[in-house]
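Numbering-wise, my numbering puts 38 at position 25 of the sequence shown, and it's gapless, one number per residue. C-beta atoms are modelled at their ideal positions from N, C-alpha and C, and glycine is treated no differently. Notes to accompany the following structure.
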Amino acid sequence: MKNTLHFSRRFAHFHDDMPAFHAGYLVLTFLVASLFNLGAFALLIAAHMALDFVKYREHHNYSLHDTFEGMIRESLIDITLLFVAIVFSVYLHHSVVGVASLSGLVRAEVTLVRAAALLVPKMKILHHFLKVVSHLHHYMQQTQKQISKGWGQLDKLCFLFVGISVFLIVFASAITGTDQSTINWVLMEEMIPWNI
Numbered sequence: 014m015k016n017t018l019h020f021s022r023r024f025a026h027f028h029d030d031m032p033a034f035h036a037g038y039l040v041l042t043f044l045v046a047s048l049f050n051l052g053a054f055a056l057l058i059a060a061h062m063a064l065d066f067v068k069y070r071e072h073h074n075y076s077l078h079d080t081f082e083g084m085i086r087e088s089l090i091d092i093t094l095l096f097v098a099i100v101f102s103v104y105l106h107h108s109v110v111g112v113a114s115l116s117g118l119v120r121a122e123v124t125l126v127r128a129a130a131l132l133v134p135k136m137k138i139l140h141h142f143l144k145v146v147s148h149l150h151h152y153m154q155q156t157q158k159q160i161s162k163g164w165g166q167l168d169k170l171c172f173l174f175v176g177i178s179v180f181l182i183v184f185a186s187a188i189t190g191t192d193q194s195t196i197n198w199v200l201m202e203e204m205i206p207w208n209i
């Protein structure tokens, strides 16, 4: 028992220096990102934002306006990645008319592009969430320094991408020539978290 405790303590102190730990972490992140749909990652973002609400409102006593701004600033990149991934999931889905009529080889390539386009945002969102959870005490002490000082260029770019993504999702049926019920089905398939 003493050796196990000693090994656990040593692992906790030196795991960042172990290449095998990083490789295992990357493989597990890849597997989780592959298994779950975008709805599960939307829940992770919601949980992160709920934690931010507690951090800014209760822990640091920010005003309600500054609390919501802090929540948006903390999760803006994740939200942007989620919306971009939703666009890719709709426009590259095999049920969309333009993709369904392609030959088998081209359709397989589109499926691989779609998988990669969804996997990258999922891995980034999961990695960010795990980083927050693994360093929770430190995370709760840090606040955004830019609150009430205006939005930066990266923030504006993220808002632009979210706006374009929302436009593309809302008008997906008209743009792709696909029936709205098919678009709704693709969105439901991708956004209901328990659809694995």
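Using CA coordinates, which residue listed in the options is at the minimum distance from residue i?
i: K169; options: K68, R86, L51, I205; result: R86
i: M204; options: L48, A55, D192, S47; result: A55
i: L132; options: V145, A121, A98, D192; result: A98
i: T156; options: I182, H73, L125, G190; result: H73
i: F142; options: I58, S76, L94; result: I58
i: F43; options: G83, S147, K135; result: K135
i: V126; options: V100, H151, S147, H148; result: V100
Taking the Cβ atom as the reference point for each residue, do residue i and residue j lie within a distance shorter than 8 Å?
i: I138; j: D91; result: yes
i: S102; j: T195; result: no
Go through its chain and collect everything with a Cβ distance to residue i's Cβ below 7 Å, but skip five positions before and after it.
i: S47; result: L132
i: T80; result: F66, Y69, R70
So, for residue i: in the same chain, excluding its five sequence neighbours on each side, which residues have a beta-carbon less than 8 Å away from its beta-carbon?
i: F174; result: T93, F96, V97
i: L77; result: R70
i: G165; result: Q159
Identify, in the order they occur along the chain, each residue of the same chain with its Cβ nearer than 6 Å to the Cβ of residue i, setting aside the five sequence neighbours on each side.
i: V110; result: Because V110 sits at a pLDDT of 48, beneath the cut-off of 50, its placement in the model cannot be relied upon, and the following sentence gives the value as read from the coordinates. Only G190, T191 meet the Cβ criterion.
i: P206; result: G52, A53, L56
Given the structure, does residue i come close to the ligand SAM, in the sense that its CB is under 7 Å from one of the ligand's heavy atoms?
i: L41; result: This structure simply doesn't include the ligand SAM, nor any ligand for that matter.
Can you tell me the Cα-Cα spacing of residue i and residue j, whole angstroms?
i: V67; j: K144; result: 18 Å
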